[in-house]
Structure formats: structure tokens, C-alpha cells
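Be aware that the sequence shown starts at 6, since it is given in the working numbering, and climbs by one per residue. For glycine and all other residues, C-beta sits at the position ideal for the given N, C-alpha and C.
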Amino acid sequence: MNSAPFNRSISAQHRAIDLADWNDVYVIGDVHGCRKTLDKLVGELAPSDDDLLVFVGDLVRRGPDSHGVVELVRSSDNMLSVRGNNEEKLLRGRRVTPDLTEADLRWLFSLPVVITWENALVVHGGIDPRKPLGEHTVDDLQNVESLGDDGRPFWWERYSGDDRVFFGHTVLERPVVEDAAVGLDTGCVYGGALTAYDVRRDRTIRVEPARTHKERPPEKFVRPLLATPK
6 MNSAPFNRSI SAQHRAIDLA DWNDVYVIGD VHGCRKTLDK LVGELAPSDD DLLVFVGDLV
66 RRGPDSHGVV ELVRSSDNML SVRGNNEEKL LRGRRVTPDL TEADLRWLFS LPVVITWENA
126 LVVHGGIDPR KPLGEHTVDD LQNVESLGDD GRPFWWERYS GDDRVFFGHT VLERPVVEDA
186 AVGLDTGCVY GGALTAYDVR RDRTIRVEPA RTHKERPPEK FVRPLLATPK
């Protein structure tokens with residue numbers, strides 16, 4: 006995919022990659038400052054320099070080591086991330102994360118809102134199936150979740166586009182793995198797993214955190230109706 010389906014604002018914050026440039030490719034859910042859990046997942050994946058790790062955003066906040074997470078991803082040539090709503094809150098001055106340096110913040114602000122490859126998009130929140138992609142704003146791509154006032158349906162339960170959408174943001178009881186959408190925020194900062202999706206092998210890899218950094222009631226984890234455990 007090129008930037009043509011996006012509006013001018015999103016096109017300026019879009020990064021296209023070619024999967025042919027990489028061997029294994031993994032998409033990783035929301036890390037939220039949990040550096041030790043991320044290290045555990047990276048150790049499990051054991052990527053070479055020719056393997057690519059793509060993050061769905063929300064690298065920072067809520068967990069204990071936002072700087073450590075940013076430092077790892079920023080310094081790794083085979084790691085990319087989109088900008089999530091928590092990075093956006095820092096950009097807009099709505100939140101402050103004391104352990105982040107000025108260099109960390111400059112790098113976070115430079116992140117794209119969407120990363121694409123052939124027939125796939127990586128965004129933080131998702132795609133609103135009720136309107137064309139070209140009408141989506143930054144806020145849409147970072148924050149879309151439920152389409153109804155009562156919490157259902159979620160956007161991925163109605164989305165059937167040609168491009169497979171990889172996303173985070175919605176804290177899931179288990180990953181969503183469908184032809185049209187892959188949801189990967191399984192709440193590692195809340196005591197859930199940190200999840201990666203292996204693009205080449207169509208499977209998920211999950212590691213458990215050593216501790217819960219933020220409490221979240223079990224009923225606040227979304228149980229996907231269409232989830233396919235793998």
C-alpha cells in the first residue's frame with residue numbers, strides 16, 4: 006500500500022515497508038513501560054538483525070520503565086513503532102512521564118501514525134468501518150474502539166476490508182486473530198501477557214510479566230467474540 010488512500014495529514018505520518026527486506030516479522034502489542042517483560046519476549050523471539058519487530062504503539066506510561074522501552078526500540082535498527090494515544094498525550098502536553106528524556110520525546114514525536122506493507126496496516130487503535138480510510142484522522146487511528154454506546158460492537162467485529170489491520174489499544178482477554186484484523190494488547194501492564202504475532206507463521210507468542218504494575222478488574226478485559234486462539 007502507498008499513501009494514496011490516506012488524507013494529506015495521515016500521509017505525512019505514514020511509513021511503508023517491504024516485507025521482502027526482512028526474514029521473520031513480528032508485530033508486538035502495547036508494552037506500556039514494561040521493559041523487563043519486553044526483554045523476556047525479545048529473548049523468546051530471539052530475532053536476528055534480519056528479522057523485524059513492529060510495535061502497535063503505547064510503548065510508554067503506566068509501567069515502571071518507559072525510558073528503558075524507548076531506549077531499546079529507538080536504538081534497534083530492526084524495531085519500528087507507530088505512535089499510540091499515550092505517546093500522543095505526551096506530544097499534546099496532556100501527560101508527563103518523568104523518566105523520559107528530551108531525546109526520548111523527540112523520537113516518540115517522530116513516530117508514524119500508520120505503518121503499512123502489502124495488504125496490511127499497523128495502527129494503534131484501529132479503523133472505523135463506517136467511513137473511508139481517507140476520512141480518518143490521527144485521533145481515529147489511535148482511539149477507535151467501540152462503535153456502539155453500549156460497548157458493542159467493536160470496530161473489528163464489523164471491519165471486512167482488504168487490508169489486514171494490526172492493532173492494540175483495546176485491552177483484550179486474549180488476542181484477536183482474524184483474516185481482517187489482529188489485536189495484540191493483552192494487558193501486560195495489568196498482569197496479562199505481552200503478545201507478539203508471527204506474520205510468517207500465522208501464530209502468536211506470549212510471555213507473562215513477573216508482576217502486575219497497574220490493577221485492572223477482570224471484567225475490564227475485553228473478551229473478543231471472534232477471537233481465534235493460536
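| field | Option nearest valine 75 by Cα separation, candidates Leu57, Ala108, Leu199 | value | In the sequence shown, residue 75 corresponds to position 70, counting from 1. Considering only Leu57, Ala108, Leu199, the residue with the shortest C-alpha distance to valine 75 is Ala108.
| task | For the stretch 97-182, list the beta strand (DSSP E) runs that are entirely contained and at least 3 residues long, ordered along the chain. | result | 119-122, 125-127, 169-172
| query | Buried or exposed: where does asparagine 3 fall if 16 or more other Cβ atoms within 10 Å of its Cβ makes it buried? | reply | This structure gives no information on residue 3, because the portion of the chain shown stretches from 6 to 235.
| Over what stretch of residues does the beta strand (DSSP E) that includes aspartate 23 continue unbroken? | What you label residue 23 is simply residue 18 of the sequence shown in a count that begins at 1. No beta strand (DSSP E) holds aspartate 23; DSSP gives it neither H nor E.
| field | glycine 34: first and last residue of the uninterrupted alpha helix (DSSP H) it sits in | value | Here residue 34 is taken as the residue at index 29 of the sequence shown, counted from 1. No alpha helix (DSSP H) holds glycine 34; DSSP gives it neither H nor E.
| task | Inspect the beta-carbon positions of threonine 42 and glutamate 213 and report whether they are closer than 9 Å. | result | For the purposes of this step, residue 42 is taken as the residue at position 37 of the sequence shown. For the purposes of this step, residue 213 is taken as the residue at position 208 of the sequence shown. Yes, these two residues count as a Cβ contact at 9 Å.
| Closest by CA to threonine 191, which one among Tyr164, Thr175, Phe11, Val30? | Working through the sequence shown from its first residue, we reach residue 191 at position 186. The candidate whose alpha carbon is nearest that of threonine 191 is Thr175.
| task | Mind the definition here: the stretch 145-159 touches the stretch 97-114 only if three or more C-beta pairs lie below 8 Å; say whether that holds. | result | no
| field | Start and end residues, beta strand (DSSP E) containing arginine 208 | value | Here the question's residue 208 lines up with position 203 in the sequence shown. From DSSP, the beta strand (DSSP E) with arginine 208 extends over 208-212.
| message | Just to confirm, is the Cβ distance from valine 36 to leucine 199 under 9 Å? | response | By 1-based counting over the sequence shown, the position of residue 36 is 31. By 1-based counting over the sequence shown, the position of residue 199 is 194. Closer than 9 Å, so yes.
| said: Buried or exposed, going by whether 16 or more other CB atoms sit within 10 Å of the CB of arginine 13? | reply: As a working note, residue 13 is residue 8 in the sequence shown. Of the other Cβ atoms in all chains shown, fewer than 16 fall within 10 Å of the Cβ of arginine 13; this residue is therefore exposed.
| Alpha-carbon spacing of proline 239 relative to glycine 68, whole angstroms | Nothing about residue 239 can be reported from this structure: the residues present for the chain run from 6 to 235 only.
| Where the beta strand (DSSP E) containing aspartate 203 begins and where it ends | Start at 1 with the first residue of the sequence shown, and residue 203 comes out as number 198. 199-203 is the span of the beta strand (DSSP E), which, as asked, contains aspartate 203.
| Secondary structure at glycine 89, three-state DSSP: helix, strand or coil? | Numbered from 1 along the sequence shown, position 84 holds the residue referred to as residue 89. Three-state result, glycine 89: coil.
| request: May I ask you to report which of helix, strand or coil DSSP gives leucine 58? | output: As a working note, residue 58 is residue 53 in the sequence shown. Strand, per DSSP.
| task | Could you check what DSSP says for valine 65 in three-state terms: helix, strand or coil? | result | For this step, residue 65 is matched to residue 60 along the sequence shown. Reduced to three states, the DSSP call for valine 65 is coil.
| Residues bridged to valine 74 by DSSP? | The count along the sequence shown starts at 1 and reaches residue 74 at position 69. Note: valine 74 sits in no beta bridge, so no partner.
| said: Relative to the C-alpha of glycine 34, which candidate in Ser80, Leu230, Ser81, Gly89 has its C-alpha closest? | reply: Numbered from its first residue, the sequence shown carries residue 34 at position 29. Selected option, being the one with the closest Cα: Gly89.
| Between the CA atoms of glycine 188 and phenylalanine 172 - distance to the nearest angstrom | Looking up residue 172 in the sequence shown gives position 167. Looking up residue 188 in the sequence shown gives position 183. Looking at the two C-alpha atoms, the distance is approximately 5 Å.
| Contact set for phenylalanine 159: own chain, Cβ-Cβ below 6 Å, skip 5 residues either direction | Residue numbering aside, residue 159 sits at position 154 when the sequence shown is read from its first letter. For phenylalanine 159, where only same-chain residues beyond five positions count, the Cβ hits under 6 Å are Ser151.
| field | Backbone CA spacing between lysine 136 and arginine 97 [nearest angstrom] | value | One-based indexing of the sequence shown puts residue 136 at position 131. One-based indexing of the sequence shown puts residue 97 at position 92. Roughly 26 Å between the two C-alpha positions.
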